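Visitor:
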Amino acid sequence: MKPARFDHLLPTSLEDALAMLAEHAPDGRVLAGGQSLVPMMNFRLARPTVLVDLNKIPDLAYIRDAGDHLAIGAMTRERAIENSDLVRAASPLLHDATLHIGHLPIRSRGTIGGSISNADPAAEYPATALALDATLVAQSVRGERPIAASDFFDGVMTTTLEVDEILTEIRVPKAPPGSGAALVEIARRHGDFALAGVAAQITLEDDRVTDIRLAACGVGPGPIRLTGAENILRDGGLTDTALAAAGRAAADAADPDGDVHATASYRRKMAGVMTRRAVEKAARRAGGAA
Amino acid sequence: MSISFNLNGKPAVTDAAPARRLAHVLREDLGFTGTKIGCDAGDCGACTVLLDGEQVCSCLVPVAQVADRDVTTVEGLASADGRLSELQQAFHEYGAAQCGICTPGMLMAAADMFKHNATPSDDQIMDAMGGVLCRCTGYNKIVDAVKHVVQPNGVDFVSPDAGGAMGARTLKTDGIQKVDGTELFGADVAPADALWARTIRSPHHSATFTLGDFDDLYKKWPGLERVFTAADVPGNNGYGIYPEIKDQPAFADGQVRFKGETVVALVGTHEAVYGIRDEDVPINYELREPLFGFAGLDDGAHQMHDANPGNILAHGYVKKGEAKSAMETADVVVEDSFVTGFVEHGYIEPEAGWAQRVGDRLEITVSTQAPYMDRDEVAQIIGIPNESVRIIPTACGGGFGGKLDLGVHPVIGVAAWVLNKPVRCTWTRIESMAASTKRHPSRITARYGCTKDGDLVAYDMSGDFNTGAYVSWGLTVKDRVPVHATGPYYVPHVEAATRAVFANETPAGAFRGFGIPQAAIAHDTLMDMMADEIGMDILEFRLRNAIRKGQDTATGQVLEYSAGLDQCLVALREPWQKARAAAEKFNAESDGVTRRGVGLGCMWYGCGNTSLSNPSTMHVGIAADGTVTLYSGAQDIGQGTNTTMMQVAADGLGIRMDQMELVWGDTDKTADAGKSSASRQAYVSGRAAMEAGQDLRGQILRLANVGDDASIEFGEGRLTVTEGDAVRVIDLSDLSDDKLHGNVLVGEATFDPPATPLDDMGQGNPYGTYGFGAQVAEVEVDVDLGTVKVLHVWAAHDVGAAINPTQVEGQVHGGVAQGLGLALMEEYLPGRTENLHDYLIPTFGDVPPIDVYLIEDPEPTGPYGAKGIGEPALIPTPPAIFGAIHHATGVRMKQAPATPDRVRAAILAAQGEK
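First to last, the sequence lines map onto chains E and Z. When the letters of the first sequence are read in order and numbered with the numbering used here, they come out as residues 1 to 290. When the letters of the second sequence are read in order and numbered with the numbering used here, they come out as residues 291 to 1204.
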């Protein structure tokens, strides 16, 4: 099939892009890496009338050390994040999450800003942003608006971005010393969207959990922060009992639908299993082991 | 505003709209058709190109984004003088390209990898190339080729001498074009001025409909030349693979029976036919309650076809001895029921082609696996003699049975005939999946009985097969299954009954195995259960009962030759025992979550059409200038028929294979060699090709008046025949060039495998020969997740004689991959999985290393002893995997695919949990 008719705009500066989006609101749609939006347009599941393509804007792709956090330009390709030593060192969870995204040709084009704005409930980056309390910086002709990840996702493929706003930067707090991270997921095949996945970053002092961040993908209308499981493990430590209870809490927090790939009850159960495995893997890494 | 970029090191300019995607600009606007489109959605990777040195799906890149950047396509890999890159050469030599449709994408992904990493590990290869799907090779030979680039292993490929082609690992005769981007598939060949046809398909599973007035469409879209409907069909508005049943309409006429059925076709400019939205075409549907699965058998179900009361297409039946009473005498009887779903062929090339009227004739250039059947089918739709239709096959980007039935042909044929203009059509991935045939869903209940000593006593099965909305190959499936129902074992008493049942779902047709893979899950799971009951090793139990020469099958056919299952099992004994022991050791040391198991599956499969005449005719000609040509109508669908036919024909004639030309496929230039189905080409057409070569050789020897042992030297314009000291020279220009295709001498042969009809009890000799095989699969199950990873497969197949071991191995690898898909991941749900991200076929990381053991128990009616391997390779894989899951977990899977949620549920049920 061929996409329905639309205007394809190619601004060369962010200012132009914001102006175009404002002019065409609410009909404009931002095109980043195109790895989700382009196929949706081909299948006419999305029919924007104006496409504002960010690919010609030179200064939206960067990974910067900004002291206590990484500042990542929205148009940074997933492959660049995967290959970044800075990301690997400062946010192992973001690195780990990236390895689970699609396949290499997808990561060559797909962007972090696009993935987060697209807010696919099964995608890895939204859950990672949520787990890490990332700050998502939106810009419009009206100015800049930092949005906490916890305020950003708003249901299936929906965000709190206004129709004239573009996500321009993702600020990822650096992982604290003594932390370990892992994204663990179950997918039908490697590279497929998760049936259930959990992003975990855990900080240990001796055997004490001083910080733990967990979020799930694929088991609800959006990414789900697993605060119940976090609390259990923060209070109870990494005992077998606490891990089992955390898994049950995660399964309770999940709100999955069944589809052609798995039943809802299976996904719910897997949210629990993935939570335990992600925590255990992150904790091993926090301890310096693989 | 034009867009400039650097294409393969040279400037390229396009005036395309900025949002037009790179893949389409490359192919349609710039003529770089080496880049293929398999899904147009980033799921298959066939369109992979390099953008500034990094692999991207060119179907997802708006062309404006590549302005002033470097794009590299497969056409840019070879050096300027046409010398293949090391990577391309390795793909060619290792047989990494079968049909070749994914090859450009594979090569580009590998090129990206080598740009960034000269010595990739296995995991890095998987990761770098995992975005490209292949449906033919099972990836093993692609990995071999890539590893060869990392570290050459010194394999030397030499073109064989005269008489030495049989059994040699000769390179594919059409191999180079598959790696350099010049191979032409169905979507690559239409003339620039061809009109486009787009089919409007039923969005409903079952409905009656009326057509509205198309005037508004014509007014709004000047580029719309014509809307074609059932009323426009000049001949018979129906088709189907059996000569006497043409039940599937070319265009639905007042009612639709499945979602995706052709209702009307828009023909005109690309802009018009793709600009018109489906909902703008005035079709008024009145919905009916659809019949899904086997609901057509229920009381009160509406009748889908007048000719078929109760929605039963037909019954199949085989009875030998008295299975029901004999079962009483068995020491052990096991019984169970098994279910499988629709399976999609998933070839990476969607259906495509173009048609033109040439005077009173119609020419269709199309991707197909059955040129002559296409010809006759199209002729009766147009209402012209068979000889008035010419089918010119393109390279076929995968078939597996799905390109036996008509695809784009009726629409482009009718449109080109009526309009007298060239008309092209390329189905989208969604259309291909919604409209092409599928593997029959099945439900089978069976009982198997044996003595306590391990001798089989009786088999009693009944099975229903959902044939979907139309007949397609339903009669073949209902016949093939009872014949093969027992599996490849000697069983004194057999009763097997099948029904083919209609439903408002995609027509189920031919798919690698015609129902036998479904039946094999039943018979071989029951074999495992019996072995366990009597405490006998699973392999030894099968070896004890393996059918051997001199024994009779369920249809009473006594096997005279080539029955090598016992040899297959003996070959597998060592890997079987080692792997079983290793799995048990692993489990003893495991934490209980990760468990391993090893299973075994066996198969047999009759080569050729069941109890039907299915002859192949081949010609080998020599022209006055000395050019020797094989005229082969055996369609190559990636399995390598072009090469294997040349091998056996060359040896038949006694010429070096590389001194022979090949003309293939075109129905005006080649004789009918039947369909590329039923694992019959190597066996049936191969025999004809060999004999055609021998026939020509005999003519030459007679002309020279020498005996059979004389040798022939093929020179330019002359033949030199030597017998002992006598040397005779034949000047070919002295001979009349009035033979077929302007040749001076033509060898001809027809082979029709010996078969007899089946009687009412299903007794007779349905096939000339059978292929046999056995496979061992090792799996790892994550008990908490229900995921199954296949770690290794050992596959032993009796192929009579391997014409080309590289290609036989390729068939086995690909069959195992498809069997793995059937067992673990593939289930087509009409309307729900019509794309390659919801319908899952195995990727690089899913297919394990496969060790192939070639068993050669020669078949005297085949060419130099050969018989078929295309379908046999898939059949034992699912039961082997299911057996391995049982070995790992103690759970028997009885439904395919064994998805993680189903495996998990079965494990929980076995543990007595909720």
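Don't be surprised by glycine CBs; every beta carbon is placed ideally from N, CA and C. Model, not experiment: these values are computed from the prediction.
Three-state secondary structure (DSSP) at Ile1159 of chain Z?
Guide: Three-state DSSP puts Ile1159 of chain Z in coil, outside helix and strand.
Visitor: Determine the extent of the alpha helix (DSSP H) in which Tyr564 of chain Z is found, giving its start and end residues.
Guide: Where Tyr564 of chain Z is concerned, the enclosing alpha helix (DSSP H) stretches over 560–565.
Visitor: Pull up the DSSP beta-bridge partners for Gln345 of chain Z, would you.
Guide: Per DSSP, Z:Leu340.
Visitor: Does any C-beta atom of chain E lie closer than 8 angstroms to the C-beta of Arg885 of chain Z?
Guide: Chain E, which has no Cβ nearer than 8 angstroms to the Cβ of Arg885 of chain Z, makes this no.
Visitor: Listing by chain order, which chain Z residues have their CB less than 7 angstroms from the CB of Pro58 of chain E?
Guide: The contacting residues do not exist; Pro58 of chain E stays about 12 angstroms from chain Z at best.
Visitor: CB Glu1124 of chain Z to CB Gly631 of chain Z, shorter than 8 angstroms?
Guide: Contact: no.
Visitor: In the DSSP output, which residue or residues are listed as bridge partners for Pro146 of chain E?
Guide: Note: Pro146 of chain E sits in a beta bridge opposite E:Val137.
Visitor: Taking the alpha-carbon of Leu1126 of chain Z as reference, which of E:Lys269, E:Ala90, E:His261 has the nearest alpha-carbon?
Guide: Answer by Cα proximity: E:His261.
Visitor: If contact is defined by three or more beta carbon pairs under 8 angstroms, each pair taking one atom from either stretch, is the stretch 721–735 of chain Z in contact with the stretch 513–521 of chain Z?
Guide: Flag = no, the stretch 513–521 of chain Z and the stretch 721–735 of chain Z do not touch.
Visitor: Which same chain residues, not among the five before or five after Ala669 of chain Z, have their C-beta less than 7 angstroms away from its C-beta?
Guide: For Ala669 of chain Z, where only same-chain residues beyond five positions count, the Cβ hits under 7 angstroms are Pro675, Asn676, Ser678, Val679.
Visitor: Checking 8 angstroms against the spacing of the C-beta atoms, do Leu943 of chain Z and Leu986 of chain Z come in under that value?
Guide: For Leu943 of chain Z and Leu986 of chain Z, yes; Cβs fall inside 8 angstroms.
Visitor: Kindly confirm or deny that the stretch 765–778 of chain Z and the stretch 564–572 of chain Z touch, where touching means at least three C-beta pairs closer than 8 angstroms.
Guide: Result no; under three Cβ-Cβ pairs closer than 8 angstroms.
Visitor: Any chance the stretch 780–799 of chain Z sits against the stretch 752–760 of chain Z, with 3 or more Cβ pairs inside 8 angstroms?
Guide: Segments in contact, yes.
Visitor: Note down the Cα distance separating Gly1007 of chain Z from Asp1015 of chain Z, rounded to an integer number of angstroms.
Guide: So the two alpha carbons sit approximately 23 angstroms from each other.
Visitor: For a contact meaning CB atoms closer than 8 angstroms, what does Ala262 of chain E contact in chain Z?
Guide: In chain order: Thr1189, Pro1190, Asp1191.
Visitor: Taking all protein chains shown into account, decide if Leu10 of chain E is buried (16 or more other Cβ within 10 angstroms of its Cβ) or exposed.
Guide: Result: buried.
Visitor: Reducing DSSP to helix, strand and coil, say where Val79 of chain E ends up.
Guide: Contrary to the premise, residue 79 of chain E reads as Arg rather than Val in this sequence. Arg79 of chain E: helix per DSSP, three-state reduction.
Visitor: Looking at chain Z, which residues of the stretch 103–129 of chain E have a Cβ within less than 8 angstroms of any of its Cβ atoms?
Guide: Result list: His103, Leu104, Pro105, Ile106, Ser108, Arg109.
Visitor: I'd like the list of long-range same chain contacts for Gly708 of chain Z, defined as Cβ closer than 8 angstroms, with 5 residues on each side in sequence excluded.
Guide: A small correction: the amino acid at residue 708 of chain Z is Val; Gly does not occupy that position in the sequence shown. Arg516, Phe518, Asp522, Pro524, listed in sequence order.
Visitor: According to the Cβ coordinates, are Ala484 of chain Z and Arg714 of chain Z closer than 8 angstroms?
Guide: Yes. Within cutoff.
Visitor: Give the straight-line distance between the Cα atoms of Phe566 of chain Z and Trp511 of chain Z, rounded to the nearest whole angstrom.
Guide: One detail in the question is off: residue 566 of chain Z reads as Ile in this sequence, not Phe. So the alpha carbons of these two residues sit roughly 8 angstroms apart.
Visitor: Note down, in chain order, each residue of its chain lying with its Cβ closer than 6 angstroms to the Cβ of Ser627 of chain Z, except the 5 sequence neighbours on either side.
Guide: Result list for Ser627 of chain Z: Thr735, in chain order.
Visitor: Going by the CB atoms, is the gap between Asn1055 of chain Z and Gln937 of chain Z shorter than 8 angstroms?
Guide: Result no, Cβ atoms of Gln937 of chain Z and Asn1055 of chain Z do not sit closer than 8 angstroms.
Visitor: Helix, strand or coil: which one does DSSP assign to Trp707 of chain Z?
Guide: Trp707 of chain Z: helix per DSSP, three-state reduction.
Visitor: Could you check the C-alpha separation between Val1011 of chain Z and Pro1044 of chain Z for me, to the nearest Å?
Guide: Cα to Cα, the separation comes out at about 35 angstroms.
Visitor: Between which two residues does the alpha helix (DSSP H) holding Lys431 of chain Z run?
Guide: It spans 430–440 - the alpha helix (DSSP H) in which Lys431 of chain Z sits, taken as one unbroken run.
Visitor: Using a Cβ-Cβ cut-off of less than 7 angstroms, give me the residues of the stretch 1110–1140 of chain Z that come near chain E, in sequence order.
Guide: Going along the stretch 1110–1140 of chain Z in chain order, one finds Met1115, Leu1119, Arg1122, Thr1123, Asp1128, Leu1130, Thr1133, Gly1135, Asp1136 with a Cβ nearer than 7 angstroms to chain E.
Visitor: Can you check whether the C-beta of Ile224 of chain E is within less than 8 angstroms of a C-beta belonging to chain Z?
Guide: False, the Cβ-Cβ gap to chain Z never drops below 8 angstroms.
Visitor: Does any residue of chain Z bring its CB to less than 8 angstroms from the CB of Leu10 of chain E?
Guide: Closer than 8 angstroms to some Cβ of chain Z, the Cβ of Leu10 of chain E qualifies, so yes.
Visitor: Rounded to whole angstroms, how far is the Cβ of Tyr384 of chain Z from the Cβ of Val1137 of chain Z, which I believe are closer than 8 angstroms?
Guide: Incorrect: roughly 16 angstroms between the Cβ atoms, too far for contact.
Visitor: Strictly below 7 angstroms CB to CB, what residues from chain E border Arg1194 of chain Z?
Guide: Here the neighbours are Tyr266.
Visitor: Can you check whether the C-beta of Cys347 of chain Z is within less than 8 angstroms of a C-beta belonging to chain E?
Guide: At least one chain E Cβ lies under 8 angstroms of Cys347 of chain Z.
Visitor: Does DSSP classify Leu320 of chain Z as helix, strand or coil?
Guide: Note: Leu320 of chain Z maps to coil in three-state DSSP.
Visitor: Between Gly28 of chain E and chain Z, is the shortest Cβ-Cβ distance under 8 angstroms, so that the two count as touching?
Guide: Chain Z contact via Cβ: absent.
Visitor: Looking at chain Z, is there any beta carbon in it that lies within less than 8 angstroms of the beta carbon of Gly53 of chain E?
Guide: At residue 53 of chain E the sequence reads Asp, which differs from the Gly that was named. True, the Cβ-Cβ gap to chain Z drops below 8 angstroms.
Visitor: Taking all protein chains shown into account, decide if Met291 of chain Z is buried (16 or more other Cβ within 10 angstroms of its Cβ) or exposed.
Guide: By the 10 Å Cβ count, Met291 of chain Z comes out exposed.
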